[in-house]
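Numbering (my numbering), first residue to last: 346 to 418.
Yeah, the Cβ is synthetic: ideal placement off N, Cα and C, and Gly gets one too.
Okay, so here's the structure we're looking at.
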(Lines of atoms letter the chains of each structure in order from A and count residues from 1; the text may use other names and numbers.)
(Lines give C-alpha, C1' and ligand atoms only; values in the text may rest on other atoms or scores of the structure.)
Protein backbone atom coordinates (compact mmCIF):
# COMPACT_ATOMS: atom_id res chain seq x y z
CA UNK A 1 0.00 0.00 0.00
CA UNK A 2 1.38 3.43 -0.89
CA UNK A 3 1.74 6.29 1.58
CA UNK A 4 -1.19 8.06 -0.08
CA UNK A 5 -3.38 4.97 0.25
CA UNK A 6 -2.40 4.53 3.89
CA UNK A 7 -3.27 8.16 4.60
CA UNK A 8 -6.57 7.89 2.72
CA UNK A 9 -7.53 4.77 4.69
CA UNK A 10 -6.67 6.50 7.98
CA UNK A 11 -8.78 9.52 7.04
CA UNK A 12 -11.69 7.31 5.98
CA UNK A 13 -11.53 5.31 9.22
CA UNK A 14 -11.37 8.48 11.32
CA UNK A 15 -14.34 9.99 9.47
CA UNK A 16 -16.46 6.87 9.92
CA UNK A 17 -15.56 6.61 13.61
CA UNK A 18 -16.27 10.30 14.24
CA UNK A 19 -19.57 10.21 12.35
CA UNK A 20 -20.83 7.09 14.14
CA UNK A 21 -19.85 8.43 17.55
CA UNK A 22 -21.48 11.81 16.85
CA UNK A 23 -24.66 10.19 15.52
CA UNK A 24 -24.91 8.08 18.69
CA UNK A 25 -24.17 11.08 20.90
CA UNK A 26 -26.85 13.05 19.07
CA UNK A 27 -29.33 10.33 19.97
CA UNK A 28 -28.32 10.49 23.63
CA UNK A 29 -28.82 14.27 23.47
CA UNK A 30 -32.35 13.66 22.23
CA UNK A 31 -31.89 14.88 18.66
CA UNK A 32 -34.19 13.63 15.91
CA UNK A 33 -32.70 11.67 12.99
CA UNK A 34 -32.13 14.82 10.93
CA UNK A 35 -30.52 16.57 13.90
CA UNK A 36 -28.28 13.58 14.51
CA UNK A 37 -27.05 13.74 10.90
CA UNK A 38 -26.43 17.48 11.20
CA UNK A 39 -24.51 16.83 14.41
CA UNK A 40 -22.43 14.14 12.69
CA UNK A 41 -21.66 16.40 9.71
CA UNK A 42 -20.63 19.20 12.07
CA UNK A 43 -18.27 16.79 13.81
CA UNK A 44 -16.72 15.80 10.48
CA UNK A 45 -16.20 19.45 9.59
CA UNK A 46 -14.26 19.89 12.84
CA UNK A 47 -12.10 16.77 12.43
CA UNK A 48 -8.42 17.57 13.01
CA UNK A 49 -6.97 16.54 9.65
CA UNK A 50 -3.52 17.96 10.44
CA UNK A 51 -3.12 15.47 13.29
CA UNK A 52 -4.24 12.60 11.06
CA UNK A 53 -1.78 13.61 8.36
CA UNK A 54 1.12 13.97 10.80
CA UNK A 55 0.32 10.63 12.43
CA UNK A 56 0.33 8.87 9.06
CA UNK A 57 3.31 10.48 7.33
CA UNK A 58 6.40 8.31 7.09
CA UNK A 59 9.03 9.48 9.58
CA UNK A 60 11.47 10.44 6.81
CA UNK A 61 8.97 12.79 5.10
CA UNK A 62 8.42 15.14 8.03
CA UNK A 63 7.52 18.56 6.70
CA UNK A 64 8.93 18.01 3.19
CA UNK A 65 5.37 17.90 1.92
CA UNK A 66 4.88 21.51 2.98
CA UNK A 67 2.58 20.51 5.84
CA UNK A 68 3.27 22.03 9.21
CA UNK A 69 2.53 20.21 12.47
CA UNK A 70 -0.78 21.10 14.10
CA UNK A 71 -0.52 23.74 16.81
CA UNK A 72 -1.29 22.54 20.31
CA UNK A 73 -3.98 24.08 22.38
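Keeping to the same chain, check which residues put their C-beta closer than 7 Å to that of residue i; ignore five residues upstream and five downstream.
| i | result |
| --- | --- |
| residue 372 | 381 |
| residue 376 | 384 |
Which term fits residue i, buried or exposed, when burial requires 16 or more other beta carbons within 10 angstroms of its beta carbon?
| i | result |
| --- | --- |
| residue 349 | exposed |
Who are the near neighbours of residue i in its chain, counting only those whose CB is closer than 6 Å to its CB and skipping five residues on each side?
| i | result |
| --- | --- |
| residue 385 | 364, 367 and 368 |
| residue 347 | none |
Out of the options, state which residue places its alpha-carbon closest to the alpha-carbon of residue i.
| i | options | result |
| --- | --- | --- |
| residue 399 | 355, 388 and 347 | 355 |
| residue 397 | 347, 353 and 379 | 353 |
Going along the chain, which residues of its own chain have a beta-carbon closer than 8 Å to the beta-carbon of residue i, five neighbours each way excluded?
| i | result |
| --- | --- |
| residue 392 | 359, 360 and 363 |
Checklist entry - Counting only runs that start and end within the segment 358 to 400, where is the alpha helix (DSSP H) found for 4 or more residues in a row? => result 378 to 390
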